Each structure stands twice: as structure tokens, then as C-alpha cells.
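J.: Okay, handing you the structure first.
In full-length UniProt numbering, the protein residues as written are 1 to 162.
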């Protein structure tokens, strides 16, 4: 393939072919579609849209723990179930833009990966609240950060892969 002419190389008597004119656009498309760029874009969408499920998780946990005085692990489990359902649909439709004929199979995988990060979060809560004596909201924040990082990579690698 010939190198496209830049505007400084063009003279009134030279013409660019359609291929030469579109080559920079094709290069840009290839760069935007690269796996590295795609992962970065997904990570940005994951953080932005993920705030919805994080907010659902925190509000549910806070209400159950602080207002209704439910034991913190029960409050955490309830918050987890509700927020995972919200997260599945947000991640599937808005983050990974994944469409398939088997959403319930994906949901099963999604819950499976989320169980792993839930156990990590429950362990973090137990260590920070029961052993260290940290307040429940601060412990929940630490646990959620660990879960968010794990959830992104597990969803990308196992649930919504192309």
C-alpha cells in the first residue's frame, strides 16, 4: 500500500485516490478498536455506570445497618443481592454492550463471579469491623473497592467476553 500524500505533498496537478483519503480514518478506527483502547473505554464506562450499583449497595447497606439495625453481614448480603441484579443489566447493556440470545446463562456466570468478590468483601468487613474495630461505613467502602476491581476483570474475562 502506498503512503498517503500529505497536503504539503499535493500539487494542483496531483490527485489523491479515495483509498489515500480514507487511510487515516481507517488507521484511527483500528486504533480505537484495539483491545487496549477497548479495555480502557470499558473501564471508564464501568466506573461511571457502576456508580449506580455501588449507590444501590451503599444505600441498602446503610439503611439496613444504621436505620433498621440489621446485623451487618445480613445487611451486606441483602445489599449485595439487590446491587448485583442492577449491576448485571447495567454492565451487560451499557458497559460491555454485550448482546446475546442467552442473558440468563450470562446472569448465572455473572452471579458466580460476584460470589467470589462477595466473599472477599465479607472477609474485608469481618477483618475491618470485628478484628480492627473500624466503623461499618468505612469498612464497607474498603470492601467495595476490592470488589469493584475484581468484578471488572472477572466480568470482562468470564462473563461478557466476545
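Note that CB positions come from ideal geometry on N, CA and C, so glycine has one too. Since this is a predicted model, take the numbers as computed values, not measurements.
(1) Specify whether the segment 73 to 93 and the segment 109 to 120 touch according to this definition: at least 3 beta carbon pairs, one from each stretch, less than 8 Å apart.
(2) Within its chain, find whatever has a CB closer than 6 Å to the CB of residue 154; leave out the 5 residues flanking it on each side and keep chain order.
(3) Please report the distance separating the alpha-carbon of residue 103 from that of residue 124.
(4) Would the beta-carbon of residue 43 fall within 7 Å of that of residue 61?
(5) Give every residue of the same chain whose Cβ lies closer than 7 Å to the Cβ of residue 81, excluding the five residues on either side of it in the sequence, and list them in chain order.
(6) Run through DSSP, which three-state label would residue 37 get?
T.: Let's see:
(1) yes
(2) Here the question's residue 154 lines up with position 154 in the chain shown. Once the five neighbours on either side are set aside, the close Cβ partners of residue 154 are 113.
(3) Along the chain shown, one-based indexing puts residue 103 at 103. Along the chain shown, one-based indexing puts residue 124 at 124. Going from the Cα of residue 103 to the Cα of residue 124 covers about 31 Å.
(4) By one-based count along the chain shown, residue 43 stands at place 43. By one-based count along the chain shown, residue 61 stands at place 61. Contact flag unset, no.
(5) Here residue 81 refers to the residue found at position 81 of the chain shown. Nothing listed; no residue qualifies.
(6) If you number the chain shown from 1, residue 37 lands on position 37. Helix.
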